[in-house]
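Participant:
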DNA sequence: TATGAAAGAGCCCTCCA
DNA sequence: TGGAGGGCTCTTTCATA
């Protein structure tokens, strides 16, 4: 999809407040409400807008433990990597799963838990299920100071 | 704020699709539209719902580089840590800033960039501005396989 | 092909019982 | 809490450029 200046403006305005109405966005970028709605829909369909999220505070619903993990998988069993990815993707306690393309790690993700003990058991169950899995690094996370991202979109077309 | 079963249900339903209407959520959890709206509003005010986000694909808007960074700050100058946190928080290229409470790192965050060169210059400018800043680890990220989190909320009331 | 205006359906906030 | 009223929002349609 080719983005023009108006798309870029809409995305920037929307990122600054995702719940603004199309009419308000239109006032800012200089388009009618219906044009803005149509463009937003097109951006969603093109995958430029990947997702809408409601962020629930893990701490306030009983998950104070957050751990950032880097791990590698030396798959000895066929299909083990695919199974691991599937398990992580469907694990409600796993957030932010990404592949890693440098260094000694293959995957980066964050795990939440109700306490240290359940965290340990959770990780242990993964290590038991995936023999080639190695934890390369783990860091306990404290306060979340910023979440999400406001990509400043410039148009180069 | 004390959550009851209905709040938990609402949060779970809402996380599975943040753009559902209060009426639909109400149908699922067994409440009227107005009751659901009131409860959602209360959850936002209590900070249980931290945020609503629209996720823009960095790749599709010209930022294919994503780097996960762990860094430490041995502040030699008074207020340097506060200044760094402020700079990172307000840096549009920085996502997901968290404190780190274990190991040799103090902060974890992700940086996006248009190319490797601008990434290097970006990091270099931080190192120039904050003399006590050390990069403990950096990992280039590839595909994002999962974002956000659906905290499975149980009520223990 | 994209726009703006208008109509219709749906949604949310507020009030009241 | 549920229900009803009013105002806002989105989608669709249509005419226009």
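Protein chains in written order, with our numbering: chain A, 20 to 176; chain B, 20 to 176.
Glycine included, each C-beta is placed from N, C-alpha and C at the ideal position.
1. Ignoring anything shorter than 4 residues, give me the alpha helix (DSSP H) runs that lie fully in the segment 43–114 of chain A, in order along the chain.
2. How would you label residue 31 (chain A), buried or exposed, when you count the other beta carbons within 10 angstroms and need 16 or more for buried?
3. To the nearest angstrom, how far is the alpha carbon of residue 154 (chain B) from that of residue 102 (chain A)?
4. By alpha-carbon positions, which one of A:144, A:80 and A:26 ends up nearest to residue 110 (chain A)?
5. Does the contact criterion of 3 or more C-beta pairs under 8 Å hold for the segment 58–69 of chain B versus the segment 75–88 of chain A?
6. Which of the three DSSP states is assigned to residue 123 (chain A) in this structure?
7. May I ask you to list the residues that DSSP assigns as paired with residue 159 (chain A)?
8. Does DSSP classify residue 172 (chain A) as helix, strand or coil?
9. Shortest alpha-carbon distance to residue 128 (chain A) belongs to which of A:50, A:116 and A:163?
10. Less than 9 Å separating the beta-carbons of residue 91 (chain B) and residue 126 (chain B)?
11. Suppose you measure from the CA of residue 160 (chain B) to the CA of residue 26 (chain A); what does that come to, to the nearest Å?
12. Is residue 108 (chain A) closer than 9 Å to residue 162 (chain B) when the C-beta atoms are compared?
13. Out of curiosity, what's the CA-to-CA distance linking residue 83 (chain A) and residue 170 (chain B)?
14. So that I know if they touch, is there some Cβ in chain B lying closer than 9 Å to that of residue 158 (chain A)?
15. Under 8 Å between beta-carbons, which chain B residues line up against residue 162 (chain A)? List them in chain order, please.
16. Kindly indicate which residue of A:55, A:95, A:52 and A:120 has the alpha-carbon position closest to the one of residue 151 (chain A).
17. Using the Cβ count rule (16 or more neighbours within 10 Å means buried), how would you classify residue 58 (chain A)?
18. Over what stretch of residues does the alpha helix (DSSP H) that includes residue 34 (chain A) continue unbroken?
19. Please classify residue 18 (chain A): does DSSP put it in a helix, a strand, or coil?
Facilitator: Reading from the atomic positions:
1. Runs of the alpha helix (DSSP H) inside the segment 43–114 of chain A: 52–64 and 99–108.
2. Looking at its Cβ environment, which holds 16 or more other Cβ atoms inside 10 Å, residue 31 (chain A) is buried.
3. The straight-line gap from Cα to Cα measures roughly 33 Å.
4. Distances from the alpha-carbon of residue 110 (chain A) to those of A:144, A:80 and A:26 put A:144 closest.
5. Counting Cβ pairs under 8 Å, three or more are found: they touch.
6. Three-state result, residue 123 (chain A): coil.
7. Residue pairing by DSSP puts residue 159 (chain A) in a beta bridge opposite A:86.
8. Residue 172 (chain A) falls in the coil class under three-state DSSP.
9. The shortest CA-to-CA distance from residue 128 (chain A) to any of A:50, A:116 and A:163 is the one to A:116.
10. Contact flag set, yes.
11. The straight-line gap from Cα to Cα measures roughly 27 Å.
12. No Cβ-Cβ contact shorter than 9 Å links residue 162 (chain B) with residue 108 (chain A).
13. Rounded to the nearest angstrom, the two C-alpha atoms are 12 Å apart.
14. Using beta-carbon distances, residue 158 (chain A) counts as an interface residue toward chain B, with a partner under 9 Å.
15. Those are 117 and 118, listed as they occur along chain B.
16. Ranking the options by Cα distance to residue 151 (chain A), first place goes to A:95.
17. Under this definition residue 58 (chain A) is a buried residue.
18. Where residue 34 (chain A) is concerned, the enclosing alpha helix (DSSP H) starts and stops at 24–35.
19. Residue coverage of chain A in this structure runs from 20 to 176, which leaves residue 18 (chain A) outside it and unanswerable.
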